[in-house]
Structures are given as C-alpha cells and as structure tokens.
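In the working numbering, the protein residues as written are 1 to 113.
One structure is given below, encoded as structure tokens.
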Amino acid sequence: MRDINCGSVPVCEGKKVVGMMTDRDIVLNCVADGKDCSSIHCHDVMTSDVITCSPDTDAHECARLMSDNQIRRIPVVQNGELVGICAIGDLATVNIHINEAGDALSDISRPLQ
C-alpha cells in the first residue's frame, strides 16, 4: 500500500471480494495492538463485512452508501466478481449535486455515536 500510495485494497479469493483492508485497519488492528505486522495476514486486519455496489449503481446511491456506512471506497461487483472501486474522489468528477460528495465526506469523517 505504501509503495503505490494507496489507502485501501480489496481482499479477494479469485475475483470475489471477501474483505477490504485499509491503512486504518492496519493501524487499529495491528500497530496499536503492538503486533508484528510482518507476521499478520490480511484476514487478521481486514473488514470482512464489505459494502458493495454494481456498475449500474448511480452516483447519488454511492454517495449515500459511503455516508451511511462511513466509508470512502466501495468495491464495484458484477456477477459476484470485482470489476472496480468507486472512491469518494470519483464522485466529485461526475455530475451530481454540488455538495453531495462533500456532504458524504463530512458524514464519513464524523465520530460514531
């Protein structure tokens, strides 16, 4: 992740998404616990309850999913296989309401109650 300047990666078995691993997951589930990160596997730190969308999901729905689930990236799945990732930054490049991507980011960044 550091080598390619990436904050998250999908974890797959074949082409099926089984988890997402973020830099935050690594910090909270490995570094903060004082574990040796070189001996930890993806499944030890990844989020396995993955929110996904399809290629047909519109930008408004993606923004809502990100906001509701406080996530910045959603794997795009078609016929059970990973075909892409929709990131919060991608929403800023499409023709959606001017504040929707910003509102989603604000919701994602708020502390959980």
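Positions of the beta carbon are idealized from the N, C-alpha and C atoms, including for glycine.
Taking every protein chain shown into account, the CB of threonine 93 has fewer than 16 other CB atoms within 10 angstroms, so this residue is exposed. In the structure shown, the three-state DSSP call for alanine 32 is coil. In this structure, the beta-carbon distance from serine 48 to valine 77 does not fall below 8 Å. Closest by C-alpha distance to lysine 16, out of Gly84, Gly89, Asp90 and Leu91, is Gly84.
Glycine 34 counts as exposed, since fewer than 16 other C-beta atoms from the protein chains shown sit within 10 angstroms of its C-beta.
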